[in-house]
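Residue 41 is where the sequence shown starts when you use the working numbering, and the numbers rise one by one after that.
By construction, the Cβ of each residue, glycine as well, lies at the ideal position given by its N, Cα and C atoms.
Remember, predicted model here, so these are calculated numbers, not experimental data.
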Amino acid sequence: MNIWETRLNFRPRSGWEALDLGARLFQERPALYMAVWATLSLPVYALVLALCWQQPEWGGFLVWWLKPLFEAPVLWLMSQQVFEPLPPYRQCVCTAFRQMWRPRLIGDLTWRRFSMRRSLVLPVTLLEGLSGKAHQRRCNELSRQSGGAASWLAFFGIHLESILAFGLLAMLFWLWTGDPAQNIVAGPFGGARSTDALQQIEALVSSGEGLIFQHLLNGIYVLLLCFWGPIYVACGFTLYLNARTKAEGWDIRLAARKIQDRLLGSSSALWALALAVFIGFSFSGSLHAEPLPQREKVEQIRDNTLRKAPFQSIKTKTEYCWFKCDKDDDAASRQQLELPDVKTPSPAWFNAMMYALIGLLLALVLWILYRWYQANGGFGLSQGEEVPETLFGMKITPESLPNDVASAVLAEYERDPRAAMSLLYRASLSQISRRYGLPLRSSDTEGQVLKRVRQRQPQLLDYWQPLTDNWVELAYAHRLPEREAVHSLCRQYRQVFAGGEQEFSGSLRAAGEGRA
41 MNIWETRLNF RPRSGWEALD LGARLFQERP ALYMAVWATL SLPVYALVLA
91 LCWQQPEWGG FLVWWLKPLF EAPVLWLMSQ QVFEPLPPYR QCVCTAFRQM
141 WRPRLIGDLT WRRFSMRRSL VLPVTLLEGL SGKAHQRRCN ELSRQSGGAA
191 SWLAFFGIHL ESILAFGLLA MLFWLWTGDP AQNIVAGPFG GARSTDALQQ
241 IEALVSSGEG LIFQHLLNGI YVLLLCFWGP IYVACGFTLY LNARTKAEGW
291 DIRLAARKIQ DRLLGSSSAL WALALAVFIG FSFSGSLHAE PLPQREKVEQ
341 IRDNTLRKAP FQSIKTKTEY CWFKCDKDDD AASRQQLELP DVKTPSPAWF
391 NAMMYALIGL LLALVLWILY RWYQANGGFG LSQGEEVPET LFGMKITPES
441 LPNDVASAVL AEYERDPRAA MSLLYRASLS QISRRYGLPL RSSDTEGQVL
491 KRVRQRQPQL LDYWQPLTDN WVELAYAHRL PEREAVHSLC RQYRQVFAGG
541 EQEFSGSLRA AGEGRA
């Protein structure tokens, strides 16, 4: 890196000043950097989200995972901006596209992907081209100067992405549904009201409309990266420059270069002064060689000096080693390159806070994995477990159901539509749990039951999807289903569970009386 032709003022800065310098570097050409990022990332992200259309959570994970693929091209452009103005947009895109498929891309997507100082390590990998032990030593050297600021940058970036993405999604959700989100915003400490609103949101997200919100979240996150990604790269690049300024003394070298240039401007006067001094000394006797002292006198002076302090207190230390006491040959050569390992102990409260934060994040990840595994039927009912008698506060035992469910639903719909839909939904739950053996738990939600039907009984999905949607809209959004929809669901109920509905209910009722 040619520091003599830079457009920046290299001087030792604090970590926050270096981050501010990165933001200023991005502000010089913000539209260009966001356009280059969008041009390179949007086609790739569109392909990824299209391939993961049925599993949007995996699509969002891959969008986050592939971020380093587009950070290196932007970093390459910023490294050119430090020394000279950038070329037009078309040429920048061509240059950036070649940097996407760099030699060390696999490392950036695997073992270096989870590093908190990734923004500081990327310039070492891309601009210096180091690898192996040299790369590790270089990263450790620069981390002594700016490793903490790089970790705080990553910590801030994670929270900024989450807050903006989920905040925009919540705003869209509020504009779309209105009622549940408004209850939470208007009274977040309302006790049962807030809990009921959260259950409504969970039910709506878990239903057929949930995929729409997940795809919206992925799209918002992709567009958010077009703004935050270049800023993250710029701040990491200026942290790297600040670390090298401190480690290699760039400010001292630049100051010495300025002094040299200023002195070279008056070289004629210096040469005249040197010539005058040389001529003056040439006519004096001070330049004549003096006679050397005798060898015996030199040895006597040396012996007398060694007998005095501090030489007389020198002690000989014997070192015992298992194998050899010689150090590595390259230790002396690395001594000038590596900085002394000065570690400042962190305060006890800071360490405790970091450990507590890591523990909370680990517990959150485990809880999310548990809920995902539970929602996908990972903890299904064992062979000896009984079907719950109550689900969603409704009895699903055969004794609580009429013989002809469809006719009873149509008759009840004229008097109480909510009771009619409740009867149809719990009768369907009883049928799929006892006739088809679908595992159900008393803690399941409508969305979890729908996912389990989609995974284990896909032939029932044409009936179960509209049934769940109509029931969720009635139970939580208080929207009455249309008469044609109820008649259609009753016809589908007879078709799906035809061929022994009454006999099936009667046999189960008889079996229950026998157990009693």
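Residue pairing of K435 in beta bridges, as defined by DSSP: T430.
The segment 81-98 and the segment 260-267 touch, with no fewer than 3 CB-CB distances between them shorter than 8 Å.
Apart from sequence neighbours up to five positions away, the residues of its chain that approach Y476 with a beta-carbon distance below 7 Å are Q497, ordered along the chain. In this structure the segment 459-470 touches the segment 502-515; the number of beta carbon pairs closer than 8 Å is three or more. Per DSSP, the continuous alpha helix (DSSP H) segment holding C132 begins and ends at Y129 to M140. Counting C-beta atoms within 10 angstroms of its own C-beta, S159 has 16 or more neighbours from the protein chains shown and is therefore classed as buried. A residue is called buried when at least 16 other Cβ atoms come within 10 angstroms of its Cβ; I472 meets this threshold and is buried. Assignment of V512 by DSSP, reduced to helix, strand and coil, places it in the helix class.
Our two residues, A446 and D502, have alpha carbons roughly 17 Å apart in a direct line.
For L106, the three-state secondary structure derived from DSSP is coil. Within 10 angstroms of the beta-carbon of E439 lie fewer than 16 other beta-carbons, which makes it exposed.
In summary, V338 is exposed, with fewer than 16 beta-carbon neighbours lying within 10 Å of its beta-carbon over all protein chains present. The alpha carbon of C179 has as its nearest neighbour, out of G399, V493 and A283, the alpha carbon of A283. Segment contact: the segment 269-284 against the segment 63-71, three or more CB-CB distances shorter than 8 Å; contact assigned. If you compare the alpha carbons of L193, G147 and M461 with that of S171, the shortest gap goes to G147. For A78, the enclosing alpha helix (DSSP H) covers residues P70 to L91. The count of Cβ pairs closer than 8 Å, one atom from the segment 275-282 and one from the segment 184-196, reaches three, so the stretches are in contact. Two segments are said to touch when three or more pairs of C-beta atoms, one from each, lie closer than 8 Å; by this definition the segment 83-102 does not touch the segment 118-126. If you draw a 10 Å sphere on the C-beta of E124, you find fewer than 16 other C-beta atoms in it, and that means exposed. For S155, there is no enclosing alpha helix (DSSP H), since its DSSP letter is neither H nor E. Taking a cut-off of 8 Å on C-beta distances, the segment 52-60 does not touch the segment 128-136, as fewer than three cross pairs fall below it. Residue burial is scored here from C-beta neighbours: N258 has at least 16 other C-beta atoms within 10 angstroms and is therefore classed as buried.
Residue range E486 to R496 is occupied by the alpha helix (DSSP H) that includes K491. Distance from the CA of L91 to the CA of Q495, rounded to the nearest whole angstrom, comes to 19 Å. No residue range can be given for A517, since it is assigned to no alpha helix (DSSP H) and is classified by DSSP as neither H nor E. Here R458 has L514 as same chain residues with Cβ atoms under 7 Å from its own Cβ, once five neighbours each way along the sequence are excluded. Within the model, the alpha-carbon separation for R142 versus E168 is close to 13 Å. Taking C-beta separations shorter than 7 Å and ignoring five residues to either side along the sequence, the partners of A75 in its chain run Y129, following chain order. Scanning its chain for C-beta atoms nearer than 7 Å, with the 5 sequence neighbours on each side dropped, one finds around C275 the residues L59, G62, A63, S159 and L193, in chain order.
According to the DSSP assignment, S473 belongs to the alpha helix (DSSP H) that extends over P457 to R474. Comparing alpha-carbon positions, the option among R474, L500, W511 and M461 lying closest to T485 turns out to be W511. For the options E522, T345, L402 and K107, the alpha carbon positioned closest to that of R153 is the one of K107. Here I436 is buried. Its C-beta has 16 or more other C-beta atoms within 10 Å. Using a Cβ distance threshold of 8 Å, L182 and E111 do not count as a contacting pair.
About 7 Å separates the Cβ atoms of W105 and L149, confirming a contact at the 8 Å cut-off. Annotation: Q499 is outside any alpha helix (DSSP H) and is labelled neither H nor E by DSSP.
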